[in-house]
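J.:
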Amino acid sequence: MGPRSRQRRAGTVQSTNDSSSLSKRSLAAHGYVRDPFAALLVPGPVRRTPLIHRGYYVRARAVRHCVRAFLELTSALPSRTRAQILSLGSGSDSLYFRLKAAGLLARAAVWEVDFPDVSRLKAERIEETPELRAQTGPFKIGDLASSLCFESADYRILGADLRELQRLGEALDGAGLDATSPTLLLAEAVLTYLEPSSATALIAWAAQRFPDALFVIYEQMQPGDAFGQIMLQHFRRLHSPLHGLELFPDVEAQRQRFLQAGWTACSALDLNEFYRRLLPAEERQRVETLEPFDEYEEWHLKCSHYFILVASRGDILSETPVFEPSEASFQIDPASPSGFLSARVVTSDHQHSSLKRYGHTSALLSPSVIFSAGGFGEQEGRHCRVSRFHVLSRSCDSEWEGCQISTSGTEGQWDGRLFHTMTRLSDTRVLVLGGRLSPVSPASGALQLDLYKSKDNCSEGQNVTVTKAALEEGSVLSRWRHSTTKVYYQNQRYLFVYGGRSVAEPVLSDYRFLHVETMAWVRIPVQGASPEGRHSHSACSWQGGALIAGGLGASEEPLSSVLFLKPMSSGFLWESIDIQPSITPRYSHTAHVFNGKLLLVGGVWIHSSSFPGVTVICLTTGLSSEYQIDTASVPWPLLLHNHSSALLPEEQQLLLIGGGGNCFSFGTYFNPHTVALDLSSLCSGQ
Numbered sequence: 001m002g003p004r005s006r007q008r009r010a011g012t013v014q015s016t017n018d019s020s021s022l023s024k025r026s027l028a029a030h031g032y033v034r035d036p037f038a039a040l041l042v043p044g045p046v047r048r049t050p051l052i053h054r055g056y057y058v059r060a061r062a063v064r065h066c067v068r069a070f071l072e073l074t075s076a077l078p079s080r081t082r083a084q085i086l087s088l089g090s091g092s093d094s095l096y097f098r099l100k101a102a103g104l105l106a107r108a109a110v111w112e113v114d115f116p117d118v119s120r121l122k123a124e125r126i127e128e129t130p131e132l133r134a135q136t137g138p139f140k141i142g143d144l145a146s147s148l149c150f151e152s153a154d155y156r157i158l159g160a161d162l163r164e165l166q167r168l169g170e171a172l173d174g175a176g177l178d179a180t181s182p183t184l185l186l187a188e189a190v191l192t193y194l195e196p197s198s199a200t201a202l203i204a205w206a207a208q209r210f211p212d213a214l215f216v217i218y219e220q221m222q223p224g225d226a227f228g229q230i231m232l233q234h235f236r237r238l239h240s241p242l243h244g245l246e247l248f249p250d251v252e253a254q255r256q257r258f259l260q261a262g263w264t265a266c267s268a269l270d271l272n273e274f275y276r277r278l279l280p281a282e283e284r285q286r287v288e289t290l291e292p293f294d295e296y297e298e299w300h301l302k303c304s305h306y307f308i309l310v311a312s313r314g315d316i317l318s319e320t321p322v323f324e325p326s327e328a329s330f331q332i333d334p335a336s337p338s339g340f341l342s343a344r345v346v347t348s349d350h351q352h353s354s355l356k357r358y359g360h361t362s363a364l365l366s367p368s369v370i371f372s373a374g375g376f377g378e379q380e381g382r383h384c385r386v387s388r389f390h391v392l393s394r395s396c397d398s399e400w401e402g403c404q405i406s407t408s409g410t411e412g413q414w415d416g417r418l419f420h421t422m423t424r425l426s427d428t429r430v431l432v433l434g435g436r437l438s439p440v441s442p443a444s445g446a447l448q449l450d451l452y453k454s455k456d457n458c459s460e461g462q463n464v465t466v467t468k469a470a471l472e473e474g475s476v477l478s479r480w481r482h483s484t485t486k487v488y489y490q491n492q493r494y495l496f497v498y499g500g501r502s503v504a505e506p507v508l509s510d511y512r513f514l515h516v517e518t519m520a521w522v523r524i525p526v527q528g529a530s531p532e533g534r535h536s537h538s539a540c541s542w543q544g545g546a547l548i549a550g551g552l553g554a555s556e557e558p559l560s561s562v563l564f565l566k567p568m569s570s571g572f573l574w575e576s577i578d579i580q581p582s583i584t585p586r587y588s589h590t591a592h593v594f595n596g597k598l599l600l601v602g603g604v605w606i607h608s609s610s611f612p613g614v615t616v617i618c619l620t621t622g623l624s625s626e627y628q629i630d631t632a633s634v635p636w637p638l639l640l641h642n643h644s645s646a647l648l649p650e651e652q653q654l655l656l657i658g659g660g661g662n663c664f665s666f667g668t669y670f671n672p673h674t675v676a677l678d679l680s681s682l683c684s685g686q
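Heads up: the sequence shown is residues 1 to 686, going by the UniProt record's numbering.
#1: For Gly603, does the three-state DSSP call read helix, strand or coil?
#2: Nearest to Thr423 by alpha carbon, out of Tyr494, Ala153, Val675?
#3: Excluding the five sequence neighbours on either side, which residues of its own chain have a C-beta within less than 6 Å of the C-beta of Ala539, listed in chain order?
#4: Just the C-alpha distance for Gly159 and Thr129, rounded to the nearest angstrom, thanks.
#5: Use the C-beta contact count for Gln166: other C-beta atoms within 10 angstroms, 16 or more gives buried, fewer gives exposed.
#6: Which residues share a DSSP beta bridge with Gly660?
#7: By alpha-carbon positions, which one of Glu72, Asn642, Pro649 ends up nearest to Phe376?
#8: Among Gln220, Val42, Ser23, Leu679, whose alpha-carbon lies nearest the alpha-carbon of Gln628?
#9: If you follow the beta strand (DSSP E) that Lys453 is in, where does it begin and where does it stop?
#10: Is the number of C-beta pairs between the segment 212-227 and the segment 281-290 that are closer than 8 Å three or more?
#11: Taking Arg98 as the reference, which of Gln379, Arg68, Ala83, Leu437 has the closest Cα?
#12: Buried or exposed: which applies to Cys663, given that a residue is buried once 16 or more other Cβ atoms fall within 10 Å of its Cβ?
#13: When you compare each of Pro43, Trp414, Leu41, Arg47 to Gly31 by their alpha carbons, which one comes out closest?
#14: Does the beta-carbon of Arg284, which I'm using as the reference point, lie nearer than 7 Å to any heavy atom of the ligand ADP?
#15: What are the boundary residues of the alpha helix (DSSP H) that Arg156 is part of?
#16: Does the separation of the CB atoms of Leu214 and Leu162 fall below 8 Å?
#17: What does the Cβ neighbour count give for Met1, buried or exposed, with the cut at 16 atoms within 10 Å?
#18: Measuring straight from C-alpha to C-alpha, what distance separates Ile85 and Lys302?
#19: Kindly indicate which three-state DSSP category Gly377 falls into: helix, strand or coil?
#20: Rounded to a whole number of angstroms, what is the C-alpha to C-alpha distance between Leu471 and Gly613?
#21: Kindly confirm or deny that the segment 615-627 and the segment 643-655 touch, where touching means at least three C-beta pairs closer than 8 Å.
#22: Under 8 Å between the Cβ atoms of Ser560 and Ser582?
#23: What's the call for Phe596, buried or exposed, on a 16-neighbour Cβ count within 10 Å?
#24: Which residue from Leu638, Glu650, Val562, Pro567 puts its Cα closest to that of Ser624?
#25: Among Pro672, Ala676, Ser681, Thr668, which one has its Cα closest to the Cα of residue 687?
#26: Beta-carbon separation of Arg512 and Val497 under 8 Å?
#27: Could you tell me if Gln222 is buried or exposed, where buried requires 16 or more neighbouring beta carbons within 10 angstroms of its beta carbon?
#28: From the DSSP secondary-structure annotation, give me the bridge partner or partners of Pro391.
#29: Mind checking Asn491: buried by the 16 CB within 10 Å criterion, or exposed?
#30: Which same chain residues end up closer than 8 Å to Gln208 when comparing Cβ atoms and leaving out the 5 residues on each side of it in sequence?
#31: Compare the Cα-Cα distances from Gln404 to each of Leu392, Ala201, Gln413 and report the closest residue.
#32: If you follow the beta strand (DSSP E) that Trp542 is in, where does it begin and where does it stop?
#33: Using the DSSP secondary-structure output, state which residues sit across from Pro442 in a beta bridge.
#34: Tell me whether Gln229 sits in a helix, a strand or coil according to DSSP, three-state version.
#35: What is the residue span of the beta strand (DSSP E) that Arg382 lies within?
#36: Would you report the Cα separation of residue 714 and Gly137, rounded to the nearest angstrom?
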């Protein structure tokens, strides 16, 4: 790489520091962390989304955990020993000021290294800000020829290139860093921006230079799945590609990377495990109630694609693990795959571009018509809550064709809700229950949608009328991420509305029965222990009752239970289905009963590094098996959450419709095609 290329590369990497610094400022401003110094180091107002706040919060807490553990370990050393923190690629981070204000640097000092322009800008900012100068005490500003940009008794800021290790070592020696003292090296999202050879050299250099040290890194991983591909594409667009992820794709590969470079011990956690295992429940509850939030899938996917790692050298720092081991394993991996389900695209780009959406619902009105409504997606060249409906239809022996249609008449308009349910009442009528406009605005009431088709061509003659359904209002309709399932009692058809969440309650456990013929809420006795509350679960009809699977429970914990609301002569009975082997907890999936088997399709899980495919549960034996989806013939990536699906049993196919999400700071992604899964291999025995 030539000098100009290196300069351009440095500039794009520095821009990620600017974005990160603004996010950390917003994080503090909205109460996630206590950091009065972030706003002093990064001027200007900024407001990040709750999803970005959560992502930066868990990052901040993971780094804080490691730094505090290091300071606690070194506090027991002889008083003449001074601990050292060396922050690599520190940018505008406020670590020094937070530690100094908390009184944690009485026997420690901080060195920071970044590109010279970044370091000098930070030094100037400190010099001109009284609140920052009050923490550093007397200081010196280095001249332009020196790599030492700022110097106080316990704080040094250096301008250097991490790829030039000899110059880096000389600069650190000149700044008073003692390689024999206990040292914490910290690199937050730094090594991944270096070429793999440069990052490996830096890791080995640190192992050789510091005999008693911890090396903490926070970085991305899991590039191979759909979310990982979207993440990689985002950084490529920024001209800051993530290097080394193909060589070191997971925590085990990262561990081996450090061990082979000369570090004595190494442990690493993805951020889902860190958040759930190492943060107190009361702190998690505090964070989860700071802001209205409804992007659980992207939150968990973000955390599964970042990790915190601690490598150690020397007896003192290797004796006590920074991440205390857990009695029970966090990992709940699915069984080894029993096979693959082939997938193919069933609609062309032009025909299907109008169904780029997620959080919608779909109803199979007939074997040749699938009706979809609501959600967030693309409409008229922008991303918004979708107001147009979508119909997939086909004539005999023809391919599926898609078209979007608007409401007709003056009686009502679609209100833009998402995470609602939609139930087929006839070939031309559906009932919409619940949903939301935003995490603080539930959708108003129930809607009846009537679809009229005046011509054979899907692109013409389509009309939908929207009317308010004459249902009693109340809490049963002020929910979303719930389920609505057709059940039968005393030869009468009912809709069983269960679970979900609301503005006031993060998870609901109640249920109601709606008599379809009279559209009246009725009470039907239900025996057995009521299941724990949940939302984003799946529900489907079976033998006159309802199968409920998975979901996100209290404390935002994915669930693995499969329950059957069993019809009885006196009402219904809750039964739990015993599944062997046990399945990985998941949510935001879809489900269907096919050939006596319950299919759980896609979704999100946090207890396994693998990607959810299709879990198949035999409803007579309880035996489960896992099938991966063969996406070789499908454009990649394919996000299997917030989608809908339609089962075509006669054709032994399952259509995956829409899906996607707001992928953290990496942009919004919508699956561009309807995809058909071939279920023929499931027609034989379990």
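We put the CB at the ideal spot given by N, CA and C, even for glycine.
T.: Put simply:
#1: coil
#2: Tyr494
#3: Within its own chain, the residues whose Cβ lies closer than 6 Å to the Cβ of Ala539, once the five positions on either side in sequence are excluded, are Ser483, Thr485, Ala546, Ile548, listed in chain order.
#4: 20 Å
#5: exposed
#6: Phe670
#7: Minimum Cα distance to Phe376 is reached at Asn642.
#8: Leu679
#9: 447-453
#10: With a cut-off of 8 Å, the segment 281-290 and the segment 212-227 do not count as touching, because too few Cβ pairs lie within range.
#11: Arg68
#12: buried
#13: Arg47
#14: You won't find the ligand ADP in this model; it holds no ligand whatsoever.
#15: Unbroken run through Arg156 is the beta strand (DSSP E), 155-159; no alpha helix (DSSP H).
#16: no
#17: Any reading at Met1 must be qualified, since the residue scores a pLDDT of 49, below 50, and its modelled position is unreliable; no value is offered.
#18: 28 Å
#19: Three-state result, Gly377: strand.
#20: 38 Å
#21: Too few Cβ pairs lie closer than 8 Å, so no.
#22: yes
#23: Here residue 596 turns out to be Gly, not Phe, going by the sequence shown. Gly596 should be labelled exposed.
#24: Val562
#25: In this structure the chain extends from 1 to 686, so residue 687 is not present and cannot be described.
#26: yes
#27: So Gln222 counts as buried.
#28: Note on identity: in this sequence residue 391 is Val, with Pro being the wrong assignment. Answer is Phe371, Cys403, bridged to Val391.
#29: exposed
#30: Gly262
#31: Leu392
#32: 538-542
#33: Arg436
#34: helix
#35: 382-385
#36: For the chain, the structure presents residues 1 to 686; residue 714 sits outside this window and is missing.
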